[in-house]
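> I am attaching a structure below and will ask some questions about it afterwards.
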Amino acid sequence: MKLVEVGSCDEALLLDLLNTTPVSDGVQHDVLKEAPGAQDWLREHGIRKAELAHLIEARNVLQAVVRGAEPAAALEPFVKAVALRANATADGLDWELDIDDARRGAVRAVLAWDALQNTSPGRLRACANPECQLFLIDRSKPNTARWCSMAICGNRMKARRHHRRAKTTEADQQP
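So the sequence shown is numbered by numbering that gives the first Met the number 0: it starts at 0 and just counts up by one.
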């Protein structure tokens with residue numbers, strides 16, 4: 000019996016939440032603090048405005064944990080007051096989370112992170128482009144994905160590496 004089931008929608012919520020601080024033209028933006036983008040984002044993810052403060056706080060800690068800047072224990076405050084409640088049905092017991100409504104989105108994201116750590120350890124990571132603030136879930140069999148987008152960050156990083164190599168080779172060939 001699985002007491003807490005995290006679905007793919009919560010996994011999508013987690014990744015989308017982590018990616019709410021993108022960098023555009025060298026400037027970091029916070030989608031959750033910019034209207035009307037924040038309202039659209041909340042609506043798309045079924046989260047109420049009353050949950051926003053806890054959601055932003057959870058996002059910041061989750062980003063730090065995924066990057067390795069904070070230990071996983073930093074997430075404890077988000078789930079400490081969460082309880083399981085049993086509902087008797089004709090088929091047995093259904094378990095559901097008993098969560099303060101203002102913390103529901105934050106708890107869902109933290110539980111999705113935990114589920115990923117248990118089912119797919121090491122697959123959630125920050126993009127390898129140091130100028131990018133996005134995250135990815137590596138679903139490739141060899142678990143070797145490095146960039147949030149091969150077309151954007153992957154191409155940029157490969158082009159930079161090629162340019163550096165070409166420059167080094169050119170400098171080595173000059174008398």
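Beta carbons: idealized from backbone N, C-alpha and C, even for Gly.
Which of the three DSSP states, helix, strand or coil, is assigned to T88?
Three-state DSSP puts T88 in a strand.
> What are the residues that DSSP puts in a beta bridge with D9?
In the DSSP output, where bridge partners are listed per residue, D9 has none listed.
> Let me check you understand the geometry: is the CB of A80 closer than 7 Å to at least one non-hydrogen atom of the ligand FAD?
The ligand FAD is absent from the structure shown, which contains no ligand whatsoever.
> Measure the CB-CB distance between A72 and L12 and report whether it falls below 8 Å.
Cβ atoms of A72 and L12: not closer than 8 Å.
> Between the alpha carbons of R145 and A111, how many angstroms are there, rounded?
So the alpha carbons of these two residues sit roughly 21 Å apart.
> Suppose contacts are defined by Cβ-Cβ distances below 8 Å. Is L123 in contact with V30 by that definition?
Contact flag unset, no.
> For Q38, count neighbouring Cβ atoms within 10 angstroms of its own Cβ and tell me buried if that reaches 16, exposed if not.
With fewer than 16 other Cβ atoms within 10 Å, it is exposed.
> Report yes if the CB atom of C126 is closer than 8 Å to the CB atom of L133, and no otherwise.
A contact, by the Cβ cut-off of 8 Å.
> Check whether the stretch 48 to 57 touches the stretch 92 to 107, counting contact only when three or more Cβ pairs, one atom from each stretch, lie closer than 8 Å.
Contact holds: three or more Cβ-Cβ distances are below 8 Å.
> Could you spell out the range, first to last residue, of the alpha helix (DSSP H) harbouring R58?
R58 -> alpha helix (DSSP H) spans 51 to 66.
> Leaving out five residues before and five after N262 in sequence, what residues of the same chain have Cβ atoms less than 8 Å from its Cβ?
With the chain covering 0 to 174 only, the question about residue 262 has no answer from this structure.
> Taking D9 as the reference, give the member of L74, K79, I46, E75 with the closest Cα.
Out of L74, K79, I46, E75, I46 has the C-alpha closest to the C-alpha of D9.
> Look at the alpha carbon of D15 and the alpha carbon of Q27, and state the distance between them as a whole number of angstroms.
Whole-angstrom Cα-Cα distance: 16 Å.
> In chain order, which alpha helix (DSSP H) runs of at least 4 residues are fully inside the stretch 83 to 128?
Taking only runs of at least 4 residues, the alpha helix (DSSP H) segments lying wholly in the stretch 83 to 128 are 103 to 118.
> Helix, strand or coil for Q38? Go by DSSP, reduced to three states.
It is helical.
> Return helix, strand or coil for V81, following the three-state DSSP convention.
The answer is coil: DSSP assigns V81 none of H, G, I, E or B.
> Within the same chain, show all residues whose beta-carbon is closer than 6 Å to that of A105, passing over the 5 residues directly before and after it, in chain order.
Answer for A105: H53, L54, A57, F77, listed in chain order.
> Quick check on this structure: which residue in T118, P129, E130 has the alpha carbon closest to the alpha carbon of D137?
Considering only alpha carbons, the answer is T118.
> If we ignore side chains and look at the alpha-carbon of each, how far apart do A68 and L17 end up?
Whole-angstrom Cα-Cα distance: 15 Å.
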